[in-house]
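In the order they appear, the protein sequences are chains V and B.
For the first sequence, this note's numbering assigns the number 84 to the initial residue and increments by one for each residue that follows.
For the second sequence, this note's numbering assigns the number 118 to the initial residue and increments by one for each residue that follows.
Below is one structure; the comments refer to it alone.
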Amino acid sequence: MPHPAPDWGHATTYEDVSGEIAVVGVGESDHTRASGRTSGQIAAQAVERALDDAGLLPSDIDGIMYAPFAGDQLDEDAFHRHFGTSQEMWVSKRGGGMVWAATAAHEAALAIREGRARHVLNTFAVAWATRRSEMVGGPGESHAQELFKQSLEVPFGWFPQPVYFATIAQRHMHEFGTTQEQLGAVAVACRRHANLTPSAVMHGRPLTLEAYLASPTIVDPFRKEDCCLISDGGGAYIMSASDRARDLRQPLVEVAGVGLGNSDTGVHWAEQRAFTSTPQVFAAPGAFSMAGVAPADVDVLTLYDPFTIHAIMQIEDMGFCAKGEGGPFVEGKALDHDGGGLPYNTHGGLLSHAYVLGIAHVVEVVRQLRGQAAAQVPDAAVGVYGGYTGPQASTVVLRRA
Amino acid sequence: MRPDFPLPDTEWEPTREYWAAAARGELAVPRCRACGAYAWYPAQSCPACGHSSFTWTTMSGRGQLFAWTVVRHAFLPQFSAEVPYVPALVALDEDPAVRIVTRIVDCDPTHLSVDLPVRVVFRPLSFPGIDREVIAPYFTPEQG
Numbered sequence: 084m085p086h087p088a089p090d091w092g093h094a095t096t097y098e099d100v101s102g103e104i105a106v107v108g109v110g111e112s113d114h115t116r117a118s119g120r121t122s123g124q125i126a127a128q129a130v131e132r133a134l135d136d137a138g139l140l141p142s143d144i145d146g147i148m149y150a151p152f153a154g155d156q157l158d159e160d161a162f163h164r165h166f167g168t169s170q171e172m173w174v175s176k177r178g179g180g181m182v183w184a185a186t187a188a189h190e191a192a193l194a195i196r197e198g199r200a201r202h203v204l205n206t207f208a209v210a211w212a213t214r215r216s217e218m219v220g221g222p223g224e225s226h227a228q229e230l231f232k233q234s235l236e237v238p239f240g241w242f243p244q245p246v247y248f249a250t251i252a253q254r255h256m257h258e259f260g261t262t263q264e265q266l267g268a269v270a271v272a273c274r275r276h277a278n279l280t281p282s283a284v285m286h287g288r289p290l291t292l293e294a295y296l297a298s299p300t301i302v303d304p305f306r307k308e309d310c311c312l313i314s315d316g317g318g319a320y321i322m323s324a325s326d327r328a329r330d331l332r333q334p335l336v337e338v339a340g341v342g343l344g345n346s347d348t349g350v351h352w353a354e355q356r357a358f359t360s361t362p363q364v365f366a367a368p369g370a371f372s373m374a375g376v377a378p379a380d381v382d383v384l385t386l387y388d389p390f391t392i393h394a395i396m397q398i399e400d401m402g403f404c405a406k407g408e409g410g411p412f413v414e415g416k417a418l419d420h421d422g423g424g425l426p427y428n429t430h431g432g433l434l435s436h437a438y439v440l441g442i443a444h445v446v447e448v449v450r451q452l453r454g455q456a457a458a459q460v461p462d463a464a465v466g467v468y469g470g471y472t473g474p475q476a477s478t479v480v481l482r483r484a
Numbered sequence: 118m119r120p121d122f123p124l125p126d127t128e129w130e131p132t133r134e135y136w137a138a139a140a141r142g143e144l145a146v147p148r149c150r151a152c153g154a155y156a157w158y159p160a161q162s163c164p165a166c167g168h169s170s171f172t173w174t175t176m177s178g179r180g181q182l183f184a185w186t187v188v189r190h191a192f193l194p195q196f197s198a199e200v201p202y203v204p205a206l207v208a209l210d211e212d213p214a215v216r217i218v219t220r221i222v223d224c225d226p227t228h229l230s231v232d233l234p235v236r237v238v239f240r241p242l243s244f245p246g247i248d249r250e251v252i253a254p255y256f257t258p259e260q261g
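If you want it as structure tokens, here you go:
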């Protein structure tokens, strides 16, 4: 590295698990507006499809990872009830979406290495479109419940997520000259990919940069199209030892590298010393190093993208361009699946595909590396998912074997 | 959720002194008794030295506008009568790492710029249907 790492955060030390496991099955639920289903029901549908994709039986699953928040998730009891199974399971509550959609691969690799599980399922679902009216600030509810935010932020109307990230985007624009057209380029690329993806919530809803710019801002500089969808949906993927995966149905997609980065300056956005950066600064180098690849080797990138500014910040922080150059980097067709320099969120992302907090991003990367994606990147061999929660960010590098 | 949400719970211990100071017309921040560093947000131990004893210290109330946005859509119904409004982060003069979440008042938002000098003003926070108000630190551009 030509520059010393910044001092506002650190990388979690991870054991090298490169090549040990593969993603052998992926599945998504139907992605919908309010469906009336519970998140557990939605997750079960995604898991059925992942099992079918892998050619595995429910009784083959002996490890399960989920996130113990965001409503009822498919934990081991719900799995057994749904599938009528009873096998012993290795269980981790450090799975699900967001940051954990990447780091689950590291924990699963260690569990498989140590013989605690053979086939590990990671699953996540939300029914926030259905539950929106009962949640304070919709998906902002967990923030509304946080007591420092209740005391020091919400009373001033600095709430919920669109307001946090519009403020960060305004500061990024000030520091680096990022423009509304560059934010719009991210939204347009995601919509273009969603229009090629039949399962996307915004399929059939084209968006031009001109239409984007002509729409009103709701929280400056964000327009509606800068903000993620609120939809019901879920996803699942199954991980197995690479030598077992070779005997299964699908082309082999290995976990090549995983990294986790952490801010050391608090958990609230106002406290972040690097206000316009993400902990990808600390996550991505470790994942790329474990995988033995450089950013230039990445054929397809998916990023946790609740807002357009997240694409620009993480592209910078992961080293695809210098800090501050993310705006110019994403202009024009740069993010397109067909001929863009860095094909990005090729399913449409949280902005235009579905609001499933990153789990579908991993599913998409796997499909790209198998050559099964709707908006297929030609000959994609290395794919990356970047996850984000605020004080943490994560990177997983997947590789066609 | 508390029935008076989104008013702050002024009795919640970690920020009780913040709201008590605001009621007196003062902006106060915890300062470490060992090393003198300001700790914001309030913490159990000093991020600079690890000491766990603080003195709530009255600040000058002057700072610079670090970042802001104009909210044009009410994400909570309690803010329907407020939009458009300007939530902001203000970096305090004594230590710019202390960023106060506030609102900018008495200023056309098109006149705002990053690093604009601002000063604290105290105004009542109130919301429709809540029979209580809380004096809160807002900020406004420093004149001249």
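For glycine and all other residues, C-beta sits at the position ideal for the given N, C-alpha and C.
Original post:
What residues of chain B sit near Ile-392(V), judged by a beta carbon separation below 8 Å?
Top reply: Along the first sequence, one-based indexing puts residue 392(V) at 309. None at all; the shortest Cβ gap to chain B is about 12 Å.
**OP:** Give the secondary structure of Gly-469(V) by DSSP, where H, G and I count as helix, E and B as strand, and everything else as coil.
**Re:** Your numbering for residue 469(V) matches position 386 in the first sequence. Here Gly-469(V) sits in strand by DSSP.
Original post:
Do three or more CB pairs link the segment 334-348 of chain V to the segment 360-369 of chain V at distances below 8 Å?
Top reply: yes
Original post:
Which residues of chain V have a Cβ atom closer than 8 Å to the Cβ of Tyr-202(B), listed in chain order?
Top reply: Start at 1 with the first residue of the second sequence, and residue 202(B) comes out as number 85. The answer, in chain order, is Gly-240.
Original post:
Based on Cα-Cα distance, which residue from Gly-375(V), Thr-348(V), Glu-447(V), Met-256(V) lies nearest to Ala-156(B)?
Top reply: Position 39 of the second sequence holds residue 156(B). It is Thr-348(V) whose Cα lies nearest to the Cα of Ala-156(B).
Original post:
Does any C-beta atom of chain V lie closer than 8 Å to the C-beta of Glu-199(B)?
Top reply: Working through the second sequence from its first residue, we reach residue 199(B) at position 82. So yes, Glu-199(B) belongs to the interface.
Original post:
Can you give the Cα-Cα distance for Ala-154(B) and Ala-94(V), rounded to whole angstroms?
Top reply: As a first step, residue 154(B) must be located in the second sequence, where it is residue number 37. As a first step, residue 94(V) must be located in the first sequence, where it is residue number 11. When rounded, the distance between both Cα atoms is 26 Å.
Subject >> Gly-102(V) beta carbon less than 8 Å from that of Ala-277(V) >> reply: Here residue 277(V) corresponds to residue number 194 of the first sequence, with the count starting at 1. Here residue 102(V) corresponds to residue number 19 of the first sequence, with the count starting at 1. Not a contact, by the Cβ cut-off of 8 Å.
Original post:
Listing by chain order, which chain B residues have their CB less than 7 Å from the CB of Ser-234(V)?
Top reply: The residue you call residue 234(V) lines up with position 151 of the first sequence. Near Ser-234(V) (Cβ distances below 7 Å), the residues of chain B are Pro-125, Asp-126, Trp-129, Thr-132.
Original post:
Going by other Cβ atoms of all chains shown within 10 Å of its Cβ, with 16 needed for buried, is Ala-140(B) buried or exposed?
Top reply: Taking the second sequence and counting its residues from 1, one reaches residue 140(B) at position 23. With fewer than 16 other Cβ atoms within 10 Å, it is exposed.
**OP:** Kindly provide the ranges of any beta strand (DSSP E) runs that are 3 or more residues long and lie completely inside the segment 167-243 of chain V, ordered along the chain.
**Re:** 173-175, 202-210
Subject >> Cross-chain neighbours of Met-118(B) in chain V, by beta carbon under 8 Å >> reply: Working through the second sequence from its first residue, we reach residue 118(B) at position 1. In chain order: Val-219, Ala-227, Gln-228.
Original post:
Within the 8 Å Cβ cut-off, does Arg-216(B) reach chain V?
Top reply: Working through the second sequence from its first residue, we reach residue 216(B) at position 99. Arg-216(B) counts as touching chain V.
Original post:
Just to confirm, are Ile-395(V) and Leu-139(V) a CB contact at a threshold of 8 Å?
Top reply: Counting from one through the first sequence, the residue named residue 395(V) turns up at place 312. Counting from one through the first sequence, the residue named residue 139(V) turns up at place 56. No, they are not a contact pair.
Subject >> Within the segment 119-156 of chain B, ranges of the beta strand (DSSP E) (whole runs, at least 3 residues) >> reply: 145-149
Subject >> Cross-strand partners of His-93(V) (DSSP beta bridge) >> reply: Here residue 93(V) corresponds to residue number 10 of the first sequence, with the count starting at 1. Paired residues: Asn-345(V).
**OP:** Compare the C-alpha of His-257(V) against each of Arg-249(B), Leu-229(B), Thr-257(B), Val-235(B) and name the closest.
**Re:** Sequence index remark: in the first sequence, residue 257(V) carries index 174 (1-based). Taking only the C-alpha atoms, the option nearest His-257(V) is Leu-229(B).
Original post:
Under the rule that 16 or more other beta-carbon atoms within 10 Å means buried, what is Thr-175(B), buried or exposed?
Top reply: Position 58 of the second sequence holds residue 175(B). When all chains shown are included, Thr-175(B) counts as exposed.
**OP:** Could you spell out the range, first to last residue, of the beta strand (DSSP E) harbouring Phe-239(B)?
**Re:** Here residue 239(B) refers to the residue found at position 122 when the second sequence is read from its first residue. 234-242 is the extent of the beta strand (DSSP E) around Phe-239(B).
Original post:
Rounded to whole angstroms, how far is the Cβ of Pro-254(B) from the Cβ of Ile-217(B), which I believe are closer than 8 Å?
Top reply: Within the second sequence, numbered from 1, the residue matching residue 254(B) stands at position 137. Within the second sequence, numbered from 1, the residue matching residue 217(B) stands at position 100. Going by Cβ atoms, the distance from Pro-254(B) to Ile-217(B) rounds to 7 Å, so yes, they are a contact pair.
Original post:
If the cut is a Cβ gap below 7 Å, which residues of chain V does His-190(B) touch?
Top reply: The residue labelled residue 190(B) in the question sits at position 73 within the second sequence. Residues of chain V passing the Cβ test: Ile-301, Val-302.
Subject >> Residue from Gly-454(V), Val-479(V), Ala-417(V), Gln-228(V) whose Cα sits closest to the Cα of His-444(V) >> reply: One-based indexing of the first sequence puts residue 444(V) at position 361. When each option's Cα is compared against that of His-444(V), the closest is Val-479(V).
Original post:
What is the DSSP secondary structure of Phe-371(V), counted as helix, strand or coil?
Top reply: Position 288 of the first sequence, counted from the first residue, corresponds to residue 371(V). Of the three classes helix, strand and coil, the one that applies to Phe-371(V) here is helix, per DSSP.
Original post:
Name the residues in the segment 338-361 of chain V whose C-beta lies less than 8 Å from a C-beta of chain B; which are they?
Top reply: Thr-348, Gly-349, His-351, Ala-353, Glu-354, Arg-356, Phe-358
Subject >> 8 Å Cβ cutoff met for Val-460(V) and Asp-380(V) >> reply: Residue numbering aside, residue 460(V) sits at position 377 when the first sequence is read from its first letter. Residue numbering aside, residue 380(V) sits at position 297 when the first sequence is read from its first letter. No, the pair does not count as a contact, with Cβ atoms beyond the cut-off.
**OP:** Output the distance between the C-alpha atoms of Arg-132(V) and Val-207(B), rounded to the nearest integer angstrom.
**Re:** Residue numbering aside, residue 132(V) sits at position 49 when the first sequence is read from its first letter. Residue numbering aside, residue 207(B) sits at position 90 when the second sequence is read from its first letter. Taking the straight line from one Cα to the other gives about 49 Å.
Subject >> Val-449(V) versus Asn-428(V) - alpha carbon distance >> reply: One-based indexing of the first sequence puts residue 449(V) at position 366. One-based indexing of the first sequence puts residue 428(V) at position 345. Each residue's alpha carbon lies about 12 Å from the other.
Subject >> Straight-line gap, Val-107(V) to Val-336(V) (C-alpha atoms, nearest Å) >> reply: In the first sequence, counting from the first residue as 1, residue 107(V) sits at position 24. In the first sequence, counting from the first residue as 1, residue 336(V) sits at position 253. Approximately 7 Å, taken between the alpha carbons.
Subject >> Contacts of Arg-220(B) in chain V (Cβ-Cβ under 7 Å) >> reply: For the purposes of this step, residue 220(B) is taken as the residue at position 103 of the second sequence. Near Arg-220(B) (Cβ distances below 7 Å), the residues of chain V are Phe-239, Gly-240.
Subject >> Interface flag, Ala-184(B) vs chain V, CB-CB below 8 Å >> reply: Here residue 184(B) refers to the residue found at position 67 when the second sequence is read from its first residue. Yes, Ala-184(B) counts as interfacial toward chain V.
Original post:
In chain order, what residues of the same chain have a beta carbon less than 6 Å from the beta carbon of Ala-138(B), not counting five sequence neighbours either side?
Top reply: If you number the second sequence from 1, residue 138(B) lands on position 21. These residues qualify, in order along the chain: Ala-145.
**OP:** Find the residues of chain V that neighbour Val-187(B), judging by a C-beta separation of less than 8 Å, and give them in chain order.
**Re:** One-based indexing of the second sequence puts residue 187(B) at position 70. Correct list: Thr-300, Val-302, Asp-303.
Original post:
For Phe-239(B) and chain V, any beta-carbon pair shorter than 8 Å?
Top reply: Counting from one through the second sequence, the residue named residue 239(B) turns up at place 122. So, not an interface residue.
Original post:
Mind checking Gly-110(V): buried by the 16 CB within 10 Å criterion, or exposed?
Top reply: Your numbering for residue 110(V) matches position 27 in the first sequence. Under this definition Gly-110(V) is a buried residue.
Original post:
Hey, is Gly-223(V)'s beta-carbon within less than 8 Å of any beta-carbon in chain B?
Top reply: Here residue 223(V) corresponds to residue number 140 of the first sequence, with the count starting at 1. Yes - at least one Cβ of chain B is within 8 Å of the one on Gly-223(V).
Subject >> Asp-155(V) versus Ser-122(V): straight-line alpha-carbon distance, rounded >> reply: For the purposes of this step, residue 155(V) is taken as the residue at position 72 of the first sequence. For the purposes of this step, residue 122(V) is taken as the residue at position 39 of the first sequence. Approximately 6 Å between the Cα atoms of the pair.
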